[in-house]
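So the structure is just underneath, and the comments pick up after that.
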Amino acid sequence: MARRSLVPPDPPPTDGEIVLRMRRDEDVPSIGEASHDPETRHWLTDEPLTEDRQRGSVARAEEMWRRGDSAPFVIADAATDAPLGLLNLQFGGDKEVAELAVSVFPQARGRGVASRALRLGAIWGLRELGLHRVFAETAAENVASVRAIERAGLRREGVLRAHCKTHGRRHNCVIFALVPEDFGEPHGSGFTSSL
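Residues in the sequence shown are numbered from 3 upward in steps of one, following my numbering.
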């Protein structure tokens, strides 16, 4: 069963440094370029975007919002609106739980963008969507990703052995999560938190 249609937040979530906003046509060249980045390709199984896929990127993101199975954001600089990366909340079979996925464009790495985006996305999902759990997983050897998730405040839950598969190779993944109780709020209490 699909989740009801999602409405993009207005105003978009921000912490004053970054903003999570909808994808726009002017973001597409940066998204396409980043999809070919060797560091990105090393950790993700997605194929680089072809020109045809790049052209359909905005429409696909809008459709994901309409279907309610995903909330894809562009991470943008709050001062300049320049795209810095992508954040997605993905819903599986349990619509009260979302997985966070983040990818920071090469020129924005090393500035805390991933941590800020993960935290904003997690709090938005818990507070605005009423989710009971948001989680993220990453390859155990992806030290930068592990650190970013930890800095975002997600709690390490454990290692899933041979759980992830990238480029045909199985490897261990570390799983992290946030639940309302992490903020002293019981489930279903109308969780509110300042960003």
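In this text, a Cβ means the ideal position worked out from N, Cα and C, and glycines have one as well.
Residue i versus residue j: straight-line alpha-carbon distance, rounded
i	j	result
residue 162	residue 180	17 Å
residue 96	residue 134	10 Å
residue 22	residue 41	23 Å
residue 126	residue 36	25 Å
residue 137	residue 75	17 Å
residue 90	residue 100	9 Å
residue 128	residue 58	30 Å
residue 157	residue 65	31 Å
residue 92	residue 124	11 Å
residue 10	residue 122	14 Å
residue 14	residue 118	14 Å
residue 82	residue 109	14 Å
residue 98	residue 146	28 Å
residue 132	residue 39	35 Å
Three-state secondary structure assigned by DSSP to residue i
i	result
residue 149	helix
residue 59	helix
residue 96	coil
residue 160	strand
residue 78	strand
residue 181	coil
residue 26	coil
residue 135	strand
residue 68	helix
residue 142	coil
residue 73	strand
Residue closest to residue i, alpha-carbon to alpha-carbon, out of the options
i	options	result
residue 111	86, 127, 121, 123	86
residue 60	138, 177, 28, 13	28
residue 105	185, 54, 182, 33	33
residue 12	130, 171, 168, 185	130
residue 94	54, 178, 72	72
Spatial neighbours of residue i in its chain, beta-carbon cut-off 8 Å, leaving aside the 5 residues before and after
i	result
residue 31	56
residue 142	148, 161, 173, 174, 175, 176
residue 139	101, 162, 165, 166, 175, 176, 177, 178
residue 115	20, 77, 86, 87, 106
Residues of its chain near residue i, where Cβ-Cβ distance is below 7 Å and the 5 sequence neighbours each way are ignored
i	result
residue 18	80
Close-in-space but distant-in-sequence residues of the same chain around residue i (CB under 6 Å, 5 per side omitted)
i	result
residue 7	68, 70
residue 25	60, 63, 76
residue 153	117
Distance cut-off 7 Å: residue i Cβ against heavy atoms of the ligand GTP
i	result
residue 59	As presented, the structure is devoid of all ligands, the ligand GTP included, so that no description of it is given.
Residue ranges of each alpha helix (DSSP H) within the stretch 85-130, 4 or longer: 115-129
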